[in-house]
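Numbering (our numbering), first residue to last: 272 to 560. Here a beta-carbon is modelled for each residue, glycine too, at the ideal position from N, C-alpha and C.
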């Protein structure tokens, strides 16, 4: 009697997990929770940025043209809020005779010329304060230097004389180096910080970061052309752009979790397929008698 040949057992088929099954594993659920926290923080930052993109209480049109006392608008050493740039202000004080300084590269109705600036000392009974004032414009350097000399002589003749100044309050333009080959003492930007380095008698004096462009010419100068600033838009597009960036980052945090989970799932499926192919290539196990 002959025995029937033994039938080799088939290699069991292993079904790979689905993407959903991988995502529901504790490891990936924990990473999802972390991604949601990160996305929530980024979304909050976007909302915060968006809330500052629209000015809900803009200044009334023409408010910069209402003359206000200087000390009501800004204090010495403080920065000027954007809505107040170009605000017309008034103050009074006395000139420091030795501090009439010429600033070049100043334009009056597209004509390049020079400003003569001065240090106005405000003595109101408290701590002395000083603010830079652009007194007027001159078409040539010689005219500007001559006007500065005249103003210096007048101030020296009566150093306690009080003067009233009305003009636009403008922020520091920032320092700048003069061009190559030009006198290094030449000033090409209206910067109170740079003027302060040349002023005299400033020990214990509080200095404004801004300067006043006088609305009327002082001394033998021409009036500075200083039109009203453009009305500021209620929408800050830069803040809107930043808010959109935060939203994109929040979405990317969730996409990164999805991409990592999918990569892990694809790798697991590939490993199972490779293992099955290797098992099939090796053949079924040989049964024992």
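DSSP beta-bridge partners of residue 391: 366, 402
Taking 9 Å as the threshold (beta carbon to beta carbon), is residue 379 in contact with chain D? Chain labels in this structure do not include chain D; a single protein chain is all it has.
Which residues in the same chain have their Cβ closer than 8 Å to the Cβ of residue 605, if we skip the five residues on either side of it in sequence? The structure shown does not extend to residue 605, since the chain is modelled only from 272 to 560, so the question has no answer here.
Distance check for residue 444 and residue 435, CA to CA, integer angstroms please. 24 Å
Sequence-distant residues of its chain with Cβ nearer than 7 Å to residue 492 (five each side left out): 387, 406, 407, 408, 409, 418
Give the range of the beta strand (DSSP E) segment to which residue 379 is assigned. 372–379
How would you write the range of the beta strand (DSSP E) that residue 435 sits in, first residue to last? 434–441
Going by the beta-carbon positions, is the gap between residue 344 and residue 398 smaller than 9 Å? no
Can the beta-carbon of residue 359 be found closer than 9 Å to that of residue 382? no
As assigned by DSSP and simplified to three states, the class of residue 513: Reduced to three states, the DSSP call for residue 513 is helix.
Looking at residue 518: is its Cβ nearer than 9 Å to the Cβ of residue 311? Result no, Cβ atoms of residue 518 and residue 311 do not sit closer than 9 Å.
May I ask you to report which of helix, strand or coil DSSP gives residue 344? helix
Whether residue 535 touches residue 317 by CB criterion (9 Å): no
What are the partner residues of residue 485, as DSSP defines its beta bridges? 438
Alpha-carbon to alpha-carbon, residue 368 and residue 424: Approximately 7 Å between the Cα atoms of the pair.
Mind checking which residues open and close the alpha helix (DSSP H) that includes residue 321? Looking at the DSSP string, the run of the alpha helix (DSSP H) that includes residue 321 is 297–322.
Note down, in chain order, each residue of its chain lying with its Cβ closer than 7 Å to the Cβ of residue 462, except the 5 sequence neighbours on either side. When the five nearest sequence neighbours on each side are left out, the beta carbons in the same chain lying within less than 7 Å of the beta carbon of residue 462 are those of 443, 444, 445, 446, in order along the chain.
Count the other CB atoms within 10 Å of the CB of residue 528; is the residue buried (16 or more) or exposed (fewer)? buried
Could you check what DSSP says for residue 352 in three-state terms: helix, strand or coil? coil
Looking at the secondary structure, which residues open and close the alpha helix (DSSP H) in which residue 463 lies? Taken as a continuous stretch (DSSP letters only), the alpha helix (DSSP H) holding residue 463 covers 463–467.
Opening and closing residue of the alpha helix (DSSP H) in which residue 420 lies: 412–428
Per-residue burial, residue 315 [other beta carbons within 10 Å of its own, 16 or more giving buried]: exposed
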